[in-house]
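Below is one structure, written out as structure tokens; comments come after it.
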Amino acid sequence: MLLDEPVLHQSYAAAVPELSVPWQSDVPPAAELVWLNEDLAAELGYDAAWLRGPEGIALLTGQLAADGRSLAPGSDAPEHPFTTAQAYAGHQFGSANPQLGDGRAVLLGDLVDTRGDRRDLHLKGAGATPFARAGDGKAPLGPMLREAVVGESLHALGIPTTRALAVLTTGEQIAPRQGVTPEPGGLLVRAAASHLRVGTLEYAAWHHDLGVRRALVTHAIERHHPAADGAANPPLALLEAVMRSQAELMAQWMLVGFVHGVMNTDNMALSGEGIDYGPCAFLDVPRRDAVFSSIDRGGRYAYGHQPGIALWNLSRCAETLLELVDEGDPNVAVEQATAVLERYEGHYRSAYARGLAAKLGIPLGAESDRVDSSPTQGEGTAAGGPDPGADQHLARIQDLGADLAVLLEEQQVDHTGFFRALTDADPASLFSDPAPFEAWHQRLLALRGTGPSAVAAEDAMARTNPVHIPRNVHLDAALRAAHLGDLEPVRTLLEAVRRPFEHHAEHAHLEGPGDGGEHFMTFCGT
Numbered sequence: 387m388l389l390d391e392p393v394l395h396q397s398y399a400a401a402v403p404e405l406s407v408p409w410q411s412d413v414p415p416a417a418e419l420v421w422l423n424e425d426l427a428a429e430l431g432y433d434a435a436w437l438r439g440p441e442g443i444a445l446l447t448g449q450l451a452a453d454g455r456s457l458a459p460g461s462d463a464p465e466h467p468f469t470t471a472q473a474y475a476g477h478q479f480g481s482a483n484p485q486l487g488d489g490r491a492v493l494l495g496d497l498v499d500t501r502g503d504r505r506d507l508h509l510k511g512a513g514a515t516p517f518a519r520a521g522d523g524k525a526p527l528g529p530m531l532r533e534a535v536v537g538e539s540l541h542a543l544g545i546p547t548t549r550a551l552a553v554l555t556t557g558e559q560i561a562p563r564q565g566v567t568p569e570p571g572g573l574l575v576r577a578a579a580s581h582l583r584v585g586t587l588e589y590a591a592w593h594h595d596l597g598v599r600r601a602l603v604t605h606a607i608e609r610h611h612p613a614a615d616g617a618a619n620p621p622l623a624l625l626e627a628v629m630r631s632q633a634e635l636m637a638q639w640m641l642v643g644f645v646h647g648v649m650n651t652d653n654m655a656l657s658g659e660g661i662d663y664g665p666c667a668f669l670d671v672p673r674r675d676a677v678f679s680s681i682d683r684g685g686r687y688a689y690g691h692q693p694g695i696a697l698w699n700l701s702r703c704a705e706t707l708l709e710l711v712d713e714g715d716p717n718v719a720v721e722q723a724t725a726v727l728e729r730y731e732g733h734y735r736s737a738y739a740r741g742l743a744a745k746l747g748i749p750l751g752a753e754s755d756r757v758d759s760s761p762t763q764g765e766g767t768a769a770g771g772p773d774p775g776a777d778q779h780l781a782r783i784q785d786l787g788a789d790l791a792v793l794l795e796e797q798q799v800d801h802t803g804f805f806r807a808l809t810d811a812d813p814a815s816l817f818s819d820p821a822p823f824e825a826w827h828q829r830l831l832a833l834r835g836t837g838p839s840a841v842a843a844e845d846a847m848a849r850t851n852p853v854h855i856p857r858n859v860h861l862d863a864a865l866r867a868a869h870l871g872d873l874e875p876v877r878t879l880l881e882a883v884r885r886p887f888e889h890h891a892e893h894a895h896l897e898g899p900g901d902g903g904e905h906f907m908t909f910c911g912t
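Residue numbers (this note's numbering): 387 to 912.
Dropping the structure here:
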């Protein structure tokens with residue numbers, strides 16, 4: 387029985403029963419923990435030792451209900467399984483797909499963590515559900531480990547993301563995706579603020595009446611953006627909140643060189659967290675057209691397209707809310723939603739410039755100790771109005787960043803390596819022709835200024851520019867080793883990316899990009 391462990395609920399199914407179905411995961415023949423995120427377990431309120439035990443394994447594999455009763459076949463199970471599979475739709479590579487959903491996953495439930503936040507636990511690789519499509523059902527171990535590594539890396543970098551609580555093997559061999567060798571079966575237990583997606587709103591809009599859609603919007607507001615509940619127009623306020631969170635997320639992805647790979651609307655979470663890390667990768671040399679997904683043949687989701695694709699997805703989100711924004715006049719609804727979407731670019735550009743300032747050691751506070759004659763920086767004037775000086779300062783930072791991106795690409799300089807070299811020492815040696823960099827660097831120093839705020843901003847670079855990210859070559863090698871039964875390289879990589887801002891002698895071999903990362907390719911389901 388579950389004693390002091392958190393109680394799981396099905397709040398989503400209770401709030402919007404039309405958008406999920408009761409479903410139980412398959413029973414894995416020989417489940418075994420490969421990796422347990424003990425820090426996250428403690429945050430969620432779980433005892434790591436309990437999770438490693440038989441009841442914990444039963445919970446993590448979907449065989450134990452919230453009240454401790456086994457859900458295994460033949461047991462005294464509830465009439466309906468406690469776990470559910472969620473329905474959603476989406477635009478995939480720009481084309482509407484009205485019926486998607488959890489094809490190989492179940493929602494174990496949601497809990498209130500030790501900070502008072504409600505979190506989902508979700509099991510991937512759980513077997514085919516009523517929403518399964520071709521290729522759905524069981525999952526190979528490699529993709530589950532990939533999601534764990536990428537999620538932990540993004541979290542350690544301070545970027546909102548879903549995270550892996552645990553990765554397990556199932557004791558099965560499953561059909562291969564590429565090649566001819568069967569792959570070990572794997573399970574991922576994922577913690578998320580929720581699994582509400584733009585595609586969830588699309589499914590409700592395409593298949594259900596206004597009552598269901600209102601209930602879904604109410605639940606999304608309550609779960610993620612409670613301030614919207616007190617707004618004059620809560621559905622419009624929800625759109626505004628989702629827009630802002632996605633603008634911030636895109637800026638953070640771009641700053642660290644992260645390429646999601648499959649930014650379909652069903653992979654955009656209303657919470658503002660990154661979700662579903664399949665064919666994703668981190669840049670080595672910055673390239674706007676960088677694509678690491680075998681299925682993205684047209685480059686729709688290339689690195690440089692991500693901010694624009696997020697706005698495209700938000701437009702689809704807005705379409706689902708129009709009848710709720712103004713039930714009487716669709717033209718008014720379109721006008722109001724459009725006004726929200728038109729603010730996206732400004733939010734994104736501001737978030738990117740502020741993040742870039744942190745990476746370059748440029749202060750953004752009051753400039754009493756600056757040596758140039760730039761106008762005052764900050765969020766606004768003393769009267770609370772727009773501050774032209776702050777806008778001009780951010781514009782200069784944006785221009786500096788744009789020129790840097792061109793310079794790094796032209797001279798094939800590693801993205802992560804450059805920013806860390808700028809943090810630790812003079813990176814001029816990274817350039818085959820250092821003269822353009824030196825000219826750029828003088829502009830940086832002029833923007834940085836001198837004095838306490840400049841020194842503090844420069845010192846903070848070591849907490850902003852990582853030493854370690856999941857380099858494509860190193861992650862691929864670790865997953866290949868796991869396929870052959872050696873899990874130590876994955877565990878070592880996890881240790882490195884979870885402490886991204888520190889140099890460690892034992893992880894020195896994981897710092898650089900290695901050979902071949904630029905042409906690295908991942909496949910659907912990986």
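Note that the Cβ used here is the ideal one computed from N, Cα and C, for glycine as well.
Along the chain, which unbroken stretches of the alpha helix (DSSP H) at least 4 residues long are found entirely within the region 557-600?
-> 584-593
Compute the Euclidean distance between the alpha carbons of M629 and H854, then round it to the nearest angstrom.
-> 30 Å
Hey, could you find the ends of the beta strand (DSSP E) N483 is sitting in?
-> 481-483
Report the three-state DSSP secondary structure of Q410 (helix, strand or coil).
-> coil
Return the chain-ordered list of same chain residues with a C-beta closer than 6 Å to the C-beta of P459, the five sequence neighbours on each side being excluded.
-> For P459, the predicted structure reports a pLDDT of 48, less than 50, and the residue's modelled location is therefore unreliable. A value from the coordinates is still provided. The answer is none, since no qualifying residue turns up.
So what does DSSP say about R782, is it helix, strand or coil?
-> helix
State the start and end residues of the unbroken alpha helix (DSSP H) segment that holds K745.
-> 730-746
Could you tell me which uninterrupted alpha helix (DSSP H) segments, each at least 4 residues in length, are contained entirely in the region 781-869, listed from first to last along the chain?
-> 801-810, 820-834, 838-846, 858-869
Please determine, among L697, R599, D652, the residue with the shortest C-alpha to C-alpha distance to E728.
-> L697
Which of the three DSSP states, helix, strand or coil, is assigned to D506?
-> strand
Which of helix, strand or coil does DSSP assign to G775?
-> helix
Per DSSP, L422 forms a beta bridge with which residues?
-> A552
Among the residues of its own chain, which have a CB less than 7 Å from the CB of A791, if the five just before and after it don't count?
-> P672
What three-state label does DSSP hand S701 in the structure shown?
-> helix
How big is the Cα-Cα spacing for G764 and P852?
-> Since pLDDT at G764 reaches only 35, below the 50 mark, its modelled position is unreliable, and no value is offered.
Among D777, F823, P813, the one whose alpha carbon lies nearest that of E796 = F823
Beta carbon of H375, beta carbon of V402: below 9 Å?
-> Nothing about residue 375 can be reported from this structure: the residues present for the chain run from 387 to 912 only.
Supposed close pair Y663, G537 - CB separation, criterion 8 Å = 6 Å
Run through DSSP, which three-state label would D872 get?
-> coil
Distance, A688 Cα to I681 Cα | 12 Å
Under 8 Å by Cβ, that's how I've got T447 and L551 pegged, so tell me the actual separation to the nearest angstrom.
-> With a Cβ gap of about 12 Å, T447 and L551 do not count as contacting.
Given D496, which residues of its chain have a CB within under 6 Å of its CB, disregarding the five upstream and five downstream residues?
-> H395, S397, R504, D506
Report the rounded CA-to-CA distance for E881 versus A719, giving the unit in angstroms.
-> 49 Å
Could you tell me the distance, in whole angstroms, from the CA atom of P749 to the CA atom of H890?
-> 29 Å
Output the distance between the C-alpha atoms of L494 and E418, rounded to the nearest integer angstrom.
-> 18 Å
Drop a sphere of 10 angstroms on the beta-carbon of R857, count the other beta-carbons inside from all chains shown, and report buried for 16 or more, exposed for fewer.
-> buried
Going by beta carbon distance, what residues of the same chain come within less than 6 Å of A744, once the five residues before and after it are set aside?
-> T850
Can the beta-carbon of L786 be found closer than 9 Å to that of R829?
-> yes
So what's G511 in DSSP terms, helix, strand or just coil?
-> coil
Check whether the Cβ atoms of A614 and L602 sit closer than 9 Å, and answer yes or no.
-> no
Is any heavy atom in the ligand HEM found nearer than 8 Å to the beta carbon of E626?
-> Of the ligands one can find in the structure shown there are none, so the ligand HEM has no counterpart to examine.
Nearest neighbour of L710, chosen from L445, L587, G502, L405 [CA to CA] = L587
Using the rule of at least 16 other Cβ atoms within 10 Å of the residue's Cβ for burial, across every protein chain shown, is E713 buried or exposed?
-> exposed
Taking the Cβ atom as the reference point for each residue, do R702 and T651 lie within a distance shorter than 9 Å?
-> yes
Between which two residues does the alpha helix (DSSP H) containing L625 stretch?
-> 620-642
Reduced DSSP category for V498 - H, G, I as helix; E, B as strand; rest coil | strand
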